[in-house]
Structures are given as C-alpha cells and as structure tokens.
Amino acid sequence: MNDKEQIIHLYKEMYTAMVNKNKAELERAHDDSFVLVHMTGMRQPKEVYISSIMDGTLNYYSAEHEDMQVEVNGDTAVLIGKSRVNAAVFGSGRHTWRLQLRFQLVKKNGKWRFALASASTY
Numbered sequence: 037m038n039d040k041e042q043i044i045h046l047y048k049e050m051y052t053a054m055v056n057k058n059k060a061e062l063e064r065a066h067d068d069s070f071v072l073v074h075m076t077g078m079r080q081p082k083e084v085y086i087s088s089i090m091d092g093t094l095n096y097y098s099a100e101h102e103d104m105q106v107e108v109n110g111d112t113a114v115l116i117g118k119s120r121v122n123a124a125v126f127g128s129g130r131h132t133w134r135l136q137l138r139f140q141l142v143k144k145n146g147k148w149r150f151a152l153a154s155a156s157t158y
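In this note's numbering, the protein residues as written are 37 to 158.
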C-alpha cells in the first residue's frame with residue numbers, strides 16, 4: 037500500500053477499534069502526542085481519550101465512511117474523513133452524527149499515527 041492507502045486503512049481501523057473498544061489497537065493508531073479537539077473545544081490527550089472510550093463515556097456503535105481526503109507531505113499528512121457515526125457520548129442518547137475529523141498524522145519508523153484530530157459536523 038502507498039502512504040495514502042495506509043492512512044485511509046488506519047482511519048477505518050481506528051473506527052473499528054472504537055466500536056470494539058480495542059484498547060491495544062487504539063494505542064497503536066494514535067501517537068503519544070495525540071490530542072482530540074471536540075466540537076465543544078474540549079481537548080483530550082491520548083490517554084484520556086482512549087480511557088473515555090474504554091469506560092463508556094464515549095460509546096461508538098457504527099461508522100459508515102463517506103469521504104476521505106488525504107494529503108501527504110513527507111513524514112506528515114492531513115486526512116479529512118467524513119463518516120456517519122452512530123454514538124452516545126458524554127451521557128447523551130444514541131444518535132447518528134455526520135462527523136468530520138481533520139487529522140494531522142506523523143510517520144515514525146515507517147508507521148503512520150494520528151497526532152491531532154479536530155472534530156466537527158458536515
């Protein structure tokens with residue numbers, strides 16, 4: 037797979053890991069520097085974000101991917117992914133969100149990892 041294909045594959049794997057609450061896969065997909073910026077502006081570093089998935093604060097049930105745009109520049113990249121995500125977050129009811137995540141990625145030791153994500157709707 038080329039870099040673009042690897043990044044798209046990583047994006048899909050990440051969602052599968054979120055749905056399955058696969059901590060090891062989530063740890064692997066996200067760089068230690070990772071931060072998620074929620075729609076509210078709240079920032080969650082990697083450890084807090086993954087813990088929130090594992091403890092049910094963030095519950096993901098499914099994701100249907102609609103569009104993934106990738107730009108690679110050496111060992112950095114940007115991915116804008118648009119997916120319909122069925123989730124219940126922060127104690128709210130289950131809902132399907134048109135979720136756009138804008139990721140910054142880094143390539144270390146030949147492997148792509150998510151370094152920063154900003155969430156919005158589309």
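Backbone N, C-alpha and C fix where the C-beta goes; we use that ideal spot for every residue, glycine too.
| Check | Outcome |
| --- | --- |
| Three-way DSSP call (helix, strand, coil) for M78 in this model | coil |
| Helix, strand or coil at S119 according to DSSP, with G and I counted as helix | strand |
| Three-state class that DSSP yields for N38 in the structure shown | coil |
| Where Y96 falls: helix, strand or coil (DSSP) | strand |
| Spatial distance of N31 from V125 (CA atoms) | Nothing can be reported for residue 31, as the shown portion of the chain is limited to 37 through 158. |
| Pair within 9 angstroms by beta-carbon distance, F139 and A123 | no |
| Residue closest to A53, alpha-carbon to alpha-carbon, out of R134, G110, D111, A99 | A99 |
| Among K143, V114, S69, H131, the one whose alpha carbon lies nearest that of Y97 | H131 |
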